[in-house]
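Residue numbers (my numbering): 29 to 854.
Written out as structure tokens, the structure is:
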């Protein structure tokens, strides 16, 4: 590219300019802002703040100074990015829940683990701590390189001498351009011992390092679950740690209740937000059994109290806290740092070795500085001793000289003093010419000669250098008088949600609009025959009615079969709990992939898909039945699979689990029933069509129920107008599949058509659902057994235009309250 001198506009392609400018920007962010240096573990902003505090003489014993002064000096001299940017950096280095070993000792409000902001910089004060002083020790002994500051008025160090491996002690996190770092903090004592091992044996393995430093150590304590993520991070520089907060269980005095107390939260977790999250989950019933939650934390430590309801198991609540809240989080290790000016991902040994290499250079540079200083002093003392040996002559020459320069020349010519020596001799005071002073000079000279020999030995031997580094590390260990804060616990197997949810029966209802809800089994009180029931669903429109009602355990897996022949899997606990009047939630939110017009036709609860001899029996509206082995459905799919291939105009109406020696009964809308052995239906694949189960007498007739029986039960048949009857299964003739069957109940004008039929026992109860949304729970002990071909009796009183639409069996329920009759809730 060329342009004439004096031109103000330079032609340049946008692509070329963007590439070069972005490259310069990205390198600036990577090297001069976001990533720490592996040698001292500091980012440029942190290093400049600490150096500015050192320049202000804010050592450990010094008086605190206003943070506004510190930030002002840092901004004015070294970091021209504004005090509002520098102050958060200073504050973070003073927060003991962020830094494992704080670099700044703050005085005033420096924020809290609840996320409270610090006070303004004009109110807070700070000074350096022992760890930060150790990082800058020997800074004035020519140990590191200095460069001009941004306006070239001062010099600033490019790195600190770093007497301990600060990067691993305090960790670091930052986002650069195209890369990010996230290094966990470690225990100082353990790190020093691990570093000593690396110093003694540069070929040591990482597994040997982990014997003395097994894992990171976070300032907030907590627990690390398992060693797998730690080993990955230590060996490769990348890994994922599972962190948990710690808690314990207390008995509430003078009561039979218990409480869970949170003592520590995972690293980088806001305690206040954690409490809010727990409260929200309790209100949403995702966490059950909690009556109250409060924060009792004070200056003595953290204490978040979670009171449990009477009879609740603390372990269940604890597991819920770990599962649903930030009491358990993952910490992704990405051990990226600047090594020799370039970003590099390093394992734990490489980071320690990089610090050791840096420290070797520092010790050597410091030793060279001390050697030069000692040799310079020894050179002066040699001049002193030579002058004292010829004291009278020296004094005579000085007195005979007209001025200092003449004396210098005379002494140099006479005794061969160097320029530095002769100046020092001329600067001697009279009292230093005494015999006692000569002895002191001789003693100092002898000490210097020993030091010089020692310094030269150090420079000549890397072994001595490494020994000095080890000795200094052992002194640094005294900074940390506390033990490891973070516990290391074995990794737990991934717990199932059944372990978190109380195992109890619940009622599931599905409306014609495919809304579903879960309710406690005790929601409906058992009533005598003829009762009007209670409202189980507050419908909003005439077409919005309950079409199905099921009973299941919270630990069950639900298999939802649709009218199109597809099957979906849902855990019972995943279904939201709602009140009796609530409409519930749309099933489409639970079942992914439902087609237009596709509705739930049947539901099964399953615990063991490997049950020997068990099969799933599907029946359709046109009388087709199909049997498929249960274990064919043991692999749930998120979007469901086809369970049966149905004909046009047909649809699935029921699903059952059928076992050997059981029989199948089909009931039709017009009051017919057929009974045959289950082995007359051979097992088929998932996508097969099935075989005929019953022959329908008319085009208007269709199957309304399919029941699986053993032959010794009774069958309750219910009609639209609230009439029904209970008959013995044995009264239904045993035939082959595909027949017309026998009469199950007379479908007169009084009775209406058959709504459904259920196989029941004396201890069973049945929940009937009306189109108005009213429900009635009916005990079979109140329904006497009648003949097969009778019209039956009234089982429920219905309002005008109200009809029965669904029924469901509840088996062997224990009732705390006595049955009540003719009671209605509004």
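The beta carbon of each residue, even a glycine, is placed where N, CA and C say it ideally should be.
Residue 133 and residue 145 have their alpha carbons spaced roughly 17 Å apart. Counting along the chain, residue 400 sits inside the alpha helix (DSSP H) bounded by residues 376-417.
Around the Cβ of residue 341, a 10 Å sphere holds fewer than 16 other Cβ atoms; the residue is exposed.
Secondary structure of residue 287 (DSSP, three-state): strand.
Taking each of 149, 82, 293, 102 in turn and checking the Cα distance to residue 142, the smallest one comes out for 293. Cβ-Cβ separation between residue 69 and residue 195: approximately 3 Å, consistent with a contact (criterion under 8 Å). Checking the DSSP bridge columns, you'll see residue 316 has no partner listed.
Annotation: the continuous alpha helix (DSSP H) that includes residue 349 extends over 342-352. For the 8 Å CB-CB criterion, residue 252 and residue 510 do not form a contact.
Residue 488 has its alpha-carbon roughly 28 Å from the corresponding atom of residue 469. Taking a C-beta distance under 8 Å as the contact criterion, residue 402 and residue 454 do not qualify as a contact pair. No residue range can be given for residue 623, since it is assigned to no alpha helix (DSSP H) and is classified by DSSP as neither H nor E. In the pairwise beta carbon analysis, the stretch 648-657 is classified as touching the stretch 716-727: at least three pairs are separated by under 8 Å. Nearest to residue 808 by alpha-carbon distance, out of 461, 790, 112, 167, is 790. With a contact defined as Cβ atoms closer than 8 Å, residue 685 and residue 628 miss out at about 17 Å. In the pairwise beta carbon analysis, the stretch 110-130 is classified as touching the stretch 199-216: at least three pairs are separated by under 8 Å.
The residues 581, 582, 583, in chain order, have a CB closer than 7 Å to that of residue 531 in the same chain once the five nearest residues on each side in sequence are set aside. Between residue 303 and residue 323, the beta carbon gap of about 6 Å places them in contact (Cβ cut-off 8 Å). The residues 257, 358, 360, in chain order, have a CB closer than 6 Å to that of residue 268 in the same chain once the five nearest residues on each side in sequence are set aside. Across the set 185, 749, 221, 164, the C-alpha of 221 shows the shortest separation from the C-alpha of residue 501. The beta carbon of residue 157 sits closer than 7 Å to the beta carbons of 88, 130, 131, 132, 133 from its chain, once the five residues preceding and following it are set aside; these are given in chain order.
Partner residues in the beta bridge of residue 630, as assigned by DSSP, are 589. In the same chain as residue 832, and ignoring 5 residues on each side of it, the C-beta atoms closer than 8 Å to its own belong to 746, 747, 748, 749, 750, 783, 796, 797, 798, 799, 824, 826, in chain order. Annotation for residue 548: the continuous beta strand (DSSP E) segment containing it runs 543-548. Remark: C-beta atoms of residue 739 and residue 779 do not approach each other more closely than 8 Å. Contact annotation: residue 637 and residue 658 have beta-carbon atoms nearer than 8 Å.
DSSP places residue 262 inside the alpha helix (DSSP H), whose first and last residues are 256-264.
A contact is defined here as three or more CB-CB pairs under 8 Å, and the stretch 264-283 fails this definition with respect to the stretch 306-315. With contacts defined by Cβ atoms closer than 8 Å, residue 241 and residue 218 form a contacting pair. Burial is judged here by how many other beta carbons sit within 10 angstroms of a residue's own beta carbon; residue 101 has at least 16 and is buried. Nearest in C-alpha terms to residue 717, of all of 411, 610, 593, is 593. Secondary structure note for residue 752: its beta strand (DSSP E) is the uninterrupted segment 751-756. The beta strand (DSSP E) runs of length 3 or more contained entirely in the stretch 176-240 are, from start to end of the chain, 183-185, 200-203, 208-211. The stretch 479-528 contains, as complete beta strand (DSSP E) runs of 3+ residues, the segments 515-517 (chain order). Of the residues assessed, residue 818 falls on the exposed side of the cut-off, its CB having fewer than 16 other CB atoms within 10 angstroms. Between residue 287 and residue 227, the C-beta spacing is not below 8 Å.
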